[in-house]
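Protein chains in written order, with the numbering used here: chain A, 54 to 504; chain B, 3 to 170.
Encoded structure:
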């Protein structure tokens, strides 16, 4: 195989890459203009559907299929929401796309709006990305001036308004119905589904919510074609008719204890070890990895022995992780206490639980209180069973919460206890020599506030 | 004679109204309006919540309900002239983010979420800032501080506290 050439990231590091002139010089917007002239919306849906593109936001749902859930012949309006609330710890690929190549994203948005017949698109951007805001607003202004946004785009009769909407530092706004509620001016409490957003979403109208990288992929599929896209990645498993495969290039965010942290584009299916040793230059300081997060902290942990797992949509699940998630790979070296890691993870989810569902609100706070107590030298072996029980009972998968935040909180707990139980037991016995075996209830150390 | 001092200036109201055509109802202006007020005042006092509610045709409780969810808009007193968020999530923590947070707070003489007595600087812990390639990192105002060290953290506190305006 020849060396993989970045496509989504081709403009990174190029001077002025965020401008319309630069994007045009790379062939940008020509595919859009051709599609608007020659193709019907249904053709664009078919194009994306046949490419096998799966959403890049974390869940991996097939994008074209999601679009087909919209009601046929709806009088409108239909809304397109672009999820740029990228907040999963370890994840920054959307930031790079918005900062360095915002027009690639905007071309994908216009194509997706055309396909779904949306006439208004809101780009929900997390507060913490001020440079993205400026770059996107600049690019949107350029696109309006060039007749690529607004009324009757390029004489096609298709109109689209694209607005930026600023978040306010809440992780849950990345959940698609939490995002919708937040956009509507309410607290970002995820909605009970059904109805799914495609039927009743933003302002109670049919709505599609797509991720930034997904939009960039749509632009590239329009430019380079379905065959190009399907020539990259991992084909669907012929023995599993429900496997949609893992096609296309993917942005992997590599951070933590590696020599060269960064966002790297690679074919879906690269292994964690290839990514860390190749693009990442290996684990830093010549050390070994103790654990690696495969795709954002919600996805759980892989051990050193599991690093040859391919990072496609089906890969991490084979070693007990939740999935590929955002493909944010975080390397934790052998000097780190797994107790400290799990404490950091539990603190994040206790802070970010929206508080709507009891198992998540209480489970995330309880697990944090236990980790605080264990780190204070008052842990008991029984705590590990309790933590495992919390991990097994909160979330959409056990069916006790509305959204997946609790599953994301549960996976690091479950994986850490299962794969590193010995280290937890040693830690507890060492730090609490007189009380590790106690099983009586104990008071918590301090109250933890929910988000 | 009692004169009622409005918190929302005509300029703020104009900025909010300029966004109104973007949304099919006025409630969706809640978050943009709160950001506009917070950008101007560095906090959103209760009186401003009432005025935003009046402007948008909502009950004050509806605006307060939304505002209180995000834990982003201070209500009691303004943030410091520089508001800094120091990342403590996993990728930064692995590279010393928590120590940087302690160090910045110590250098500024405040606890996390505190504001220096001169009103120059507020320091808050943050969850992932999405700049893990530059861990440990911090967002201060609109500036991302990358690959922080003890030295660069101290220099930041020094600069933020140098007299550039009247304390609030």
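Glycine residues also receive a C-beta, built at the ideal position from the N, C-alpha and C atoms.
Those residues which DSSP pairs with residue i across a bridge
i              : result
residue 263(A) : 135(A)
residue 336(A) : 311(A)
residue 561(A) : Residue numbering for chain A in the displayed model covers 54 to 504; residue 561(A) lies beyond these limits and cannot be assessed.
residue 355(A) : 345(A)
residue 320(A) : 302(A)
residue 287(A) : 299(A)
residue 107(A) : 115(A)
residue 146(B) : 141(B)
residue 177(A) : 136(A) and 218(A)
As assigned by DSSP and simplified to three states, the class of residue i
i              : result
residue 215(A) : strand
residue 490(A) : coil
residue 34(B)  : helix
residue 73(B)  : coil
residue 118(B) : coil
residue 471(A) : helix
residue 74(A)  : helix
residue 462(A) : helix
residue 126(B) : strand
residue 306(A) : strand
residue 248(A) : coil
residue 188(A) : helix
residue 151(B) : coil
residue 182(A) : coil
residue 169(B) : At residue 169(B) the pLDDT is 41, less than 50, meaning the model places this residue with poor confidence and gives no usable figure here.
residue 155(A) : helix
residue 80(B)  : coil
residue 484(A) : helix
residue 363(A) : strand
residue 452(A) : coil
residue 430(A) : helix
residue 62(A)  : coil
residue 67(A)  : coil
residue 378(A) : coil
residue 61(B)  : coil
Residue interval of the alpha helix (DSSP H) (run including residue i)
i              : result
residue 140(B) : Not the alpha helix (DSSP H): residue 140(B) falls in the beta strand (DSSP E), residues 140-142.
residue 230(A) : 229-236
residue 446(A) : 434-446
residue 411(A) : 411-426
residue 121(A) : 116-121
residue 57(B)  : 48-58
residue 85(A)  : 83-91
residue 17(B)  : 12-21
residue 94(A)  : 94-104
residue 93(B)  : 92-95
residue 325(A) : 325-330
residue 102(B) : 99-110
residue 399(A) : 391-405
N- and C-terminal bounds of the beta strand (DSSP E) containing residue i
i              : result
residue 385(A) : 381-386
residue 170(A) : Here residue 170(A) belongs to no beta strand (DSSP E), and DSSP marks it neither H nor E.
residue 86(B)  : 84-89
Proximity test, Cβ basis, 7 Å: residue i and chain D
i             : result
residue 24(B) : Although the question refers to chain D, the structure presented lacks it and instead comprises the protein chains A and B.
Please list the residues of the segment 150-168 of chain A that have a C-beta atom closer than 8 Å to any C-beta atom in chain B, keeping them in chain order.
Flagged: no residues at all.
What are the residues in the segment 210-223 of chain A lying within 8 Å of chain B by C-beta distance?
Taking 8 Å as the Cβ-Cβ cut-off against chain B, the residues of the segment 210-223 of chain A that qualify are 214, 216, 218, 219, 220, 221, 222 and 223.
Residues in the segment 130-157 of chain B with C-beta within 9 Å of chain A's C-beta atoms, listed in sequence order?
For the segment 130-157 of chain B, which is checked against every Cβ of chain A, the residues closer than 9 Å are 130, 131, 132, 133, 134, 135, 136, 137, 141, 143, 144, 145 and 146.
Which residues, in order along the segment 67-80 of chain B, keep a beta-carbon less than 7 Å from a beta-carbon of chain A?
Per Cβ criterion, the list reads 67, 68, 71, 72, 73 and 74.
Just checking, does the segment 85-92 of chain B make contact with the segment 130-141 of chain B on the three C-beta pairs under 8 Å criterion?
Contact between the segment 85-92 of chain B and the segment 130-141 of chain B is present: 3 or more CB-CB pairs across the two stretches fall below 8 Å.
Under 8 Å (Cβ pairs) to chain A, residues found in the segment 31-43 of chain B
So the close ones are 31, 32, 33, 34, 36 and 37.
Does the pairing of the segment 73-87 of chain A with the segment 193-213 of chain A give three or more beta-carbon distances under 8 Å?
Yes, they touch.
Across the segment 51-68 of chain B and the segment 19-34 of chain B, are there enough close Cβ pairs to call them in contact, namely three or more that are closer than 8 Å?
Yes, the segment 51-68 of chain B touches the segment 19-34 of chain B.
Within the chosen definition, does the segment 90-97 of chain A reach the segment 161-170 of chain A through at least 3 CB pairs nearer than 8 Å?
Yes: the two stretches touch, three or more of their Cβ pairs being nearer than 8 Å.
Closer than 8 Å, Cβ to Cβ, to anything on chain A: give me those residues from the segment 85-119 of chain B, in chain order.
Residues passing the 8 Å Cβ filter: 87, 90, 91, 92, 93, 95, 96 and 97.
Decide yes or no for the touch test of the segment 372-387 of chain A against the segment 293-309 of chain A: beta carbon pairs closer than 8 Å, at least 3 of them.
The answer is yes - the segment 293-309 of chain A touches the segment 372-387 of chain A, with three or more Cβ pairs under 8 Å.
Can you pull out the residues from the segment 304-337 of chain A whose beta carbon lies closer than 7 Å to at least one beta carbon of chain B?
Taking 7 Å as the Cβ-Cβ cut-off against chain B, the residues of the segment 304-337 of chain A that qualify are 306, 308, 309, 310, 314, 315 and 316.
The segment 122-136 of chain A / the segment 109-123 of chain B touching (three or more Cβ pairs under 8 Å):
Fewer than three pairs of CB atoms, one per stretch, sit closer than 8 Å, so the segment 122-136 of chain A makes no contact with the segment 109-123 of chain B.
Touching or not, the segment 62-79 of chain B and the segment 93-106 of chain B, by the rule of three or more beta carbon pairs under 8 Å?
Using a Cβ-Cβ distance cut-off of 8 Å, the segment 62-79 of chain B and the segment 93-106 of chain B are not in contact, since fewer than three pairs of beta carbons, one from each stretch, lie closer than that value.
contact_flag[the segment 475-495 of chain A, the segment 433-442 of chain A] where n(CB pairs < 8 Å) is 3 or more
A contact exists between the segment 475-495 of chain A and the segment 433-442 of chain A.
Does the segment 414-421 of chain A touch the segment 440-459 of chain A, meaning 3 or more C-beta pairs lie closer than 8 Å?
As far as the Cβ criterion goes, the segment 440-459 of chain A touches the segment 414-421 of chain A, which means the pair count is three or higher.
If you measure beta-carbon to beta-carbon, which residues of the segment 404-428 of chain A are closer than 7 Å to chain B?
Taking 7 Å as the Cβ-Cβ cut-off against chain B, the residues of the segment 404-428 of chain A that qualify are 404 and 405.
Contact set between the segment 249-263 of chain A and chain B, restricted to residues whose Cβ is under 8 Å from the partner
Within the segment 249-263 of chain A, the qualifying residues are 256.
Touch test, the segment 348-356 of chain A against the segment 169-187 of chain A, Cβ-Cβ under 8 Å, three pairs minimum:
Under the 8 Å Cβ criterion, the segment 348-356 of chain A does not count as touching the segment 169-187 of chain A, having fewer than three qualifying pairs.
With a cut-off of 8 Å, do at least 3 Cβ pairs link the segment 246-263 of chain A to the segment 273-286 of chain A?
The segment 273-286 of chain A and the segment 246-263 of chain A do not touch, with fewer than three beta-carbon pairs separated by less than 8 Å.
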